[in-house]
């Protein structure tokens, strides 16, 4: 079976970025793929995903990723950020253009697994 990535339906997510779900369905619960877009000068909120491992595959832009207590790491096109399940995470756009990356979650992202940790 071949699915096509959605090109419409981008929305603002409370984390602090625009999300476009490419693949996230209950009938394929093993994985989800979303395109995330962080505007210049924006840092997403500290958050964690319970029971979900996430990977950021950076497509364009530049920024700084932070995972748990690890030192902040500069990211740009081609960078891959591995975020173990339950880890605190956030990403900052330090460039002049949108920071765009694919968020690949295993198992698939579910909103009830999202925890805002900025409060």
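In our numbering, the protein residues as written are 3 to 121.
Idealized CB from N, CA, C, for every residue including glycine.
In this text, all values refer to a predicted model and were calculated from it rather than measured experimentally.
For residue 120, the secondary structure class from DSSP, reduced to helix, strand or coil, is coil. Cβ-Cβ distances below 6 Å link residue 69 to 85, 89 and 91 in the same chain, with the five nearest sequence neighbours on each side left out; the list follows chain order. Closest by C-alpha distance to residue 26, out of 20, 19 and 34, is 34. Rounded to whole angstroms, the gap between the alpha carbons of residue 62 and residue 46 is 17 Å. In the assembly as shown, residue 40 is a buried residue. Its beta-carbon has 16 or more other beta-carbons within 10 Å. Under the three-state reduction of DSSP, residue 113 is assigned to helix. In this chain, the beta strand (DSSP E) harbouring residue 64 covers 64-69. Around the beta carbon of residue 4, a 10 Å sphere encloses fewer than 16 other beta carbons of the protein chains shown; the residue is thus reported as exposed.
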